[in-house]
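Asker:
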Amino acid sequence: MPLLLRRAMPFLILVVFIIGAVALASLKKPPEKKAEAEALPIVEVMAIEKSAHQVQLRSYGVVQAKHRTQLVAEVSGRLVEIAPEFVRGEWVKKGDILARIEPADYQADLMQAEANLAQAQAQLQEEIARGKVAEREWQGVLDGIPPELGLRKPQLAKEQANVRSAQAGLARAQRNLERTVIRAPFDGLIVARNVDLGQYINISNQLGEVQGSDIAEIRLPVPPEDLEFLDNLNGAEVTLTQTLADRELSWQAKLVRSEGVVNDENRMVYLVAEVHDPYGMDDARPHPLKFGSFVNARIAGRYIDELVNLPRHAVRNERVTVIKADNTVELRPVHVVRADLEQVYIQGGLEEGERISLSAMDSVDNGRKVKILGEEVAPDASGAAQLAISGAQ
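For the sequence shown, position 331 (counting from the first letter as 1) is numbered 330 according to numbering that gives the first Met the number 0, and the numbering increases by one without interruption.
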């Protein structure tokens with residue numbers, strides 16, 4: 000073998016291997032191309048239903064007794080008796096004796112007043128007799144009408160005035176003696192007692208506090224603009240609720256008035272609701288509505304026709320996301336009649352049966368395609384054609 004051929008042999012073998020590799024690569028079948036599927040956002044929808052809706056105004060408040068009073072001493076003296084019921088948390092009836100102030104001095108004053116009245120009445124009778132005697136003495140002595148002084152009329156008027164003064168003194172002494180007995184002014188609950196047995200009481204000392212059990216009041220703040228949804232401020236139904244443990248308790252109340260001014264601190268108008276017999280003293284209740292309780296309130300407003308009720312998160316900047324029949328998005332402005340913390344009430348702009356998206360999307364554009372939660376999406380014609388072309392290749 001010539002020397003030149005031996006030297007070129009490695010290069011010839013390398014070239015043969017390269018040509019073989021290229022040939023094998025050209026015979027390999029290219030990978031099948033697949034159409035890229037578009038990732039559609041999945042949304043939850045609800046169908047629009049129109050109906051007449053009663054607006055419910057949401058509020059809250061603290062239950063308070065409508066009648067509450069401080070028991071105040073009207074006379075002074077030592078406290079000699081305290082009733083067992085005169086303690087915090089006890090129920091009392093109107094007229095029940097709660098405490099007594101030492102009555103001896105006031106009994107003496109009453110006896111003195113009675114004596115003064117008897118004396119004044121005796122002097123009046125005596126003066127009446129003197130006047131009759133004077134009248135007889137003047138008869139036949141002088142012609143004409145005798146003078147009033149001669150008939151002792153001024154003296155009679157003085158004694159009559161003394162009798163009236165003594166009667167007033169007797170009435171005052173009787174009242175003071177009665178005031179030594181401290182009584183409950185109405186049916187209610189003792190919420191405070193500030194005195195104890197043997198303590199000396201001065202006039203105007205506060206002895207305790209009683210709250211009436213007949214009516215409870217709740218002040219309910221509402222925005223001034225919400226008052227237009229109330230047809231009548233007097234008599235509207237109010238539902239009070241309170242959650243205890245895992246139970247929600249409810250009571251029925253009625254609006255009785257508005258306080259009529261906008262509060263300077265929170266810019267709210269306060270409505271007042273009443274509950275009769277909150278503790279069930281006359282008609283037993285399964286759950287008493289206790290004074291001091293915090294309650295939520297729903298005030299029944301007027302009915303509005305053709306309203307659409309949506310969750311608050313489904314409405315953004317007074318627009319809703321409508322999902323059309325071809326599963327494309329339409330951003331539609333709507334008229335919001337009223338909104339609260341949970342619901343939005345819409346009138347106009349939506350048709351019965353249209354679908355509203357309840358899901359939040361990162362970006363929402365008109366015409367964007369979406370997938371409905373729980374609904375299978377069939378490929379459209381263009382997608383099917385792309386798949387067919389890819390398969391042919």
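Think of the CB as a built atom: it goes at the ideal place given N, C-alpha and C, for glycine as much as any other residue.
For A172, which residues of its own chain have a beta-carbon under 6 Å away from its beta-carbon, when the five flanking residues on both sides are left out?
Answerer: As a working mapping, residue 172 is identified with position 173 in the sequence shown. Taken in chain order, the residues that qualify are D108, L109 and A112.
Asker: I need the DSSP call for Q346, collapsed to helix, strand or coil.
Answerer: Start at 1 with the first residue of the sequence shown, and residue 346 comes out as number 347. Note: Q346 maps to coil in three-state DSSP.
Asker: Just curious, the alpha helix (DSSP H) that G211 is in, first and last residue?
Answerer: For the purposes of this step, residue 211 is identified with residue 212 of the sequence shown, where counting begins at 1. Per DSSP, G211 belongs to no alpha helix (DSSP H); it is in the beta strand (DSSP E), Q205 to G211.
Asker: Tell me the rounded alpha-carbon separation between G395 and E317.
Answerer: A question about residue 395 goes unanswered here, because the residues of the chain that appear run from 0 up to 392.
Asker: So is E374 buried or exposed if we call it buried at 16+ other beta carbons inside 10 Å?
Answerer: Locating residue 374 in the sequence shown gives position 375, where the first residue counts as 1. With fewer than 16 Cβ atoms within 10 Å of its Cβ, E374 is classed as exposed.
Asker: Looking only at its chain, what residues have a beta carbon closer than 6 Å to the beta carbon of T401, apart from the 5 residues adjacent to it on each side?
Answerer: Coverage of the chain is limited to positions 0 through 392, which leaves residue 401 absent and any answer about it impossible.
Asker: Of the residues Q159, V44, E80 and T242, which one's Cα is nearest the Cα of A117?
Answerer: If you number the sequence shown from 1, residue 117 lands on position 118. Among Q159, V44, E80 and T242, the Cα nearest to that of A117 belongs to Q159.
Asker: Using the beta-carbon count (16 or more within 10 Å), is V343 buried or exposed?
Answerer: Against the sequence shown, residue 343 aligns to sequence position 344. The residue is buried, with at least 16 neighbouring Cβ atoms inside 10 Å.
Asker: Closer than 8 Å is the cut-off here; do at least three beta carbon pairs connect the region 223 to 235 with the region 70 to 87?
Answerer: no
Asker: Helix, strand or coil for V260 per DSSP?
Answerer: As a working note, residue 260 is residue 261 in the sequence shown. Three-state result, V260: strand.
Asker: Just confirm the distance between the C-beta atoms of V91 and V209, as a whole number of angstroms; I'd bet it's less than 8 Å.
Answerer: Here residue 91 is taken as the residue at index 92 of the sequence shown, counted from 1. Here residue 209 is taken as the residue at index 210 of the sequence shown, counted from 1. Right, the Cβ-Cβ distance comes to about 7 Å (below 8 Å), so this counts as a contact.
Asker: Evaluate Y199 with the Cβ neighbour count: other Cβ atoms within 10 Å of its Cβ, from every protein chain shown; 16 or more gives buried, anything less gives exposed.
Answerer: For the purposes of this step, residue 199 is taken as the residue at position 200 of the sequence shown. Exposed: under 16 other Cβ atoms inside 10 Å.
Asker: Would you say L96 and R192 are within 8 Å of each other, going by their C-beta atoms?
Answerer: If you number the sequence shown from 1, residue 96 lands on position 97. If you number the sequence shown from 1, residue 192 lands on position 193. The question names Leu, but residue 96 is Ile in the sequence shown. No, the Cβ-Cβ distance between I96 and R192 is not below 8 Å.
Asker: In chain order, what residues of the same chain have a beta carbon less than 8 Å from the beta carbon of Q120, not counting five sequence neighbours either side?
Answerer: Along the sequence shown, one-based indexing puts residue 120 at 121. Once the five neighbours on either side are set aside, the close Cβ partners of Q120 are V162 and A165.
Asker: State the Cα-Cα distance for the pair A38 and E329, rounded to the nearest angstrom.
Answerer: Stepping through the sequence shown from its first residue, residue 38 is reached at position 39. Stepping through the sequence shown from its first residue, residue 329 is reached at position 330. The alpha-carbon atoms of A38 and E329 are separated by roughly 19 Å.
Asker: Return the residue from the list S212, E227, I202 and N175 that minimises the CA-CA distance to P415.
Answerer: The chain is shown from 0 up to 392; residue 415 falls before or after that span and cannot be answered.
Asker: To the nearest angstrom, how far is it from the Cα of L226 to the Cα of A283?
Answerer: Walking along the sequence shown from the start, residue 226 turns up at place 227. Walking along the sequence shown from the start, residue 283 turns up at place 284. So the alpha carbons of these two residues sit roughly 34 Å apart.
Asker: Terminal residues of the continuous beta strand (DSSP E) containing Q55?
Answerer: As a working note, residue 55 is residue 56 in the sequence shown. Residues K49 to A64.
Asker: Have a look at V61, G60, I47 and E273 and flag the residue whose alpha-carbon is nearest the alpha-carbon of K253.
Answerer: Counting from 1 along the sequence shown, the entry for residue 253 is found at position 254. Taking only the C-alpha atoms, the option nearest K253 is E273.
Asker: Rank L188, T327, V62 and I12 by C-alpha distance to the C-alpha of V86 and give the top, closest one.
Answerer: Start at 1 with the first residue of the sequence shown, and residue 86 comes out as number 87. Minimum Cα distance to V86 is reached at L188.
Asker: List, from N- to C-terminal side, the beta strand (DSSP E) runs of 3 residues or more that fit wholly inside the region 161 to 242.
Answerer: Those beta strand (DSSP E) runs which fall completely within the region 161 to 242 and span 3+ residues are 180 to 182, 187 to 192, 205 to 211 and 214 to 221.
Asker: Using the rule of at least 16 other Cβ atoms within 10 Å of the residue's Cβ for burial, across every protein chain shown, is Y105 buried or exposed?
Answerer: Stepping through the sequence shown from its first residue, residue 105 is reached at position 106. Y105 should be labelled buried.
Asker: State buried or exposed for P310, treating a residue as buried only when at least 16 other CB atoms are found within 10 Å of its CB.
Answerer: Taking the first residue of the sequence shown as 1, we reach residue 310 at position 311. Result: exposed.
Asker: According to DSSP, is K93 helix, strand or coil?
Answerer: Indexing the sequence shown from 1 puts residue 93 at position 94. DSSP places K93 in coil when its eight states are reduced to three.
Asker: Which residues in the same chain have their Cβ closer than 6 Å to the Cβ of S381, if we skip the five residues on either side of it in sequence?
Answerer: Within the sequence shown, residue 381 is the residue found at index 382, counting from 1. Bear in mind that a pLDDT of 40 at S381, under 50, signals an unreliable position, so the model cannot answer this.
Asker: Enumerate in chain order the residues of its own chain whose CB-to-CB distance from R129 is below 6 Å, with the five nearest sequence positions on each side excluded.
Answerer: Working through the sequence shown from its first residue, we reach residue 129 at position 130. Here the set comprises R151.
Asker: State the start and end residues of the unbroken beta strand (DSSP E) segment that holds D304.
Answerer: Here the question's residue 304 lines up with position 305 in the sequence shown. F293 to P310 is the span of the beta strand (DSSP E), which, as asked, contains D304.
Asker: Starting from V369 and walking both ways along the beta strand (DSSP E), at which residues does that stretch end?
Answerer: For the purposes of this step, residue 369 is identified with residue 370 of the sequence shown, where counting begins at 1. First-last for V369: undefined, no H or E at that position.
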